[in-house]
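Visitor:
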Amino acid sequence: MSTVSKLGAACALSLLAWGAVQAADHMPQGERTQGRSYSPAVVTEGGRIVWLAGETATTDLQGRDIKGDFEAQVRTVFALIDQTLKRAGGSLKDVVTMTVYMTDVRNGATFAKVRSEMFPDRRFPASAQISVSALAVPGMQIEIQAVAVLGDKCSPASPCLPR
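What the sequence shown shows, in mature numbering (1 follows the signal peptide of the UniProt record, and there is no 0), is residues -23 to -1, 1 to 140, in sequence order.
(1) For T80 and A123, which I take to be in contact (beta-carbon distance under 8 Å), what is that distance rounded to the nearest angstrom?
(2) Going by DSSP, what residue range makes up the beta strand (DSSP E) through E32?
(3) When DSSP labels each residue in this structure, what does A125 get in the three-state scheme?
(4) Kindly give me the distance between the Cβ atoms of L38 and A65, rounded to whole angstroms, as I take these residues to be in contact under 8 Å.
(5) By how many angstroms is the C-alpha of E120 removed from the C-alpha of L138?
(6) Taking the Cβ atom as the reference point for each residue, do F47 and T76 lie within a distance shorter than 8 Å?
(7) Helix, strand or coil: how does DSSP classify Q50 here?
(8) With DSSP as the reference, label T87 as helix, strand or coil.
(9) On the DSSP letters alone, give me the boundaries of the beta strand (DSSP E) that S108 sits inside.
(10) Taking 8 Å as the cut-off, decide whether the C-beta atoms of V126 and I58 are in contact.
(11) Among the candidates C131, F101 and A30, whose CA atom is the shortest distance from the CA of K70?
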């Protein structure tokens, strides 16, 4: 088992030990994170957890080769995550955390721009961005693994975080 797999399994077990969680209340960004496309924390209560496998793309949804196009890969990966979540009864807005693996950290600004478009209400998931030397298939430049929670009790109208 790889180190990344062991880490993922450890995180999964620790979250399961907490009981059911749910995504809805995103901690406001502080001075240090202002303008960034992630939340410092997401508070959840209840709901169904959806653990998504790492998603990648070397072709877009129309079957075109996008191996050399980082932005197209990001957009396609987000679309694929959204499709998977819709099959589970949710959507991209239900993502509470994501781990982003990129082969070139210089693409960070492009990733942040696209992620901001995917979460226009600025209720971003908590996130980690990790640089890797390569992904599973030549030409893959990004992989996103995510966790979503469906069926919120927490919400902007009914916050779980103290205000």
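Just so it is clear, CB atoms sit at the ideal spot from N, CA and C, and this is done for glycine as well.
Guide: On the basis of the coordinates in this document:
(1) By one-based count along the sequence shown, residue 80 stands at place 103. By one-based count along the sequence shown, residue 123 stands at place 146. So it is not a contact: roughly 19 Å between Cβ atoms.
(2) For the purposes of this step, residue 32 is identified with residue 55 of the sequence shown, where counting begins at 1. From DSSP, the beta strand (DSSP E) with E32 extends over R25 to E32.
(3) By 1-based counting over the sequence shown, the position of residue 125 is 148. A125: strand per DSSP, three-state reduction.
(4) As a working mapping, residue 38 is identified with position 61 in the sequence shown. As a working mapping, residue 65 is identified with position 88 in the sequence shown. Not a contact, Cβ separation roughly 19 Å.
(5) One-based indexing of the sequence shown puts residue 138 at position 161. One-based indexing of the sequence shown puts residue 120 at position 143. The straight-line gap from Cα to Cα measures roughly 30 Å.
(6) Numbered from 1 along the sequence shown, position 70 holds the residue referred to as residue 47. Numbered from 1 along the sequence shown, position 99 holds the residue referred to as residue 76. Taking 8 Å as the cut-off, the beta carbon of F47 is found no closer than this to the beta carbon of T76.
(7) Here residue 50 is taken as the residue at index 73 of the sequence shown, counted from 1. Note: Q50 maps to helix in three-state DSSP.
(8) As a working mapping, residue 87 is identified with position 110 in the sequence shown. Note: T87 maps to helix in three-state DSSP.
(9) One-based indexing of the sequence shown puts residue 108 at position 131. Here the beta strand (DSSP E) through S108 covers A103 to S108.
(10) Counting from one through the sequence shown, the residue named residue 126 turns up at place 149. Counting from one through the sequence shown, the residue named residue 58 turns up at place 81. No.
(11) Sequence index remark: in the sequence shown, residue 70 carries index 93 (1-based). Comparing alpha carbon positions, the residue from C131, F101 and A30 closest to K70 is F101.
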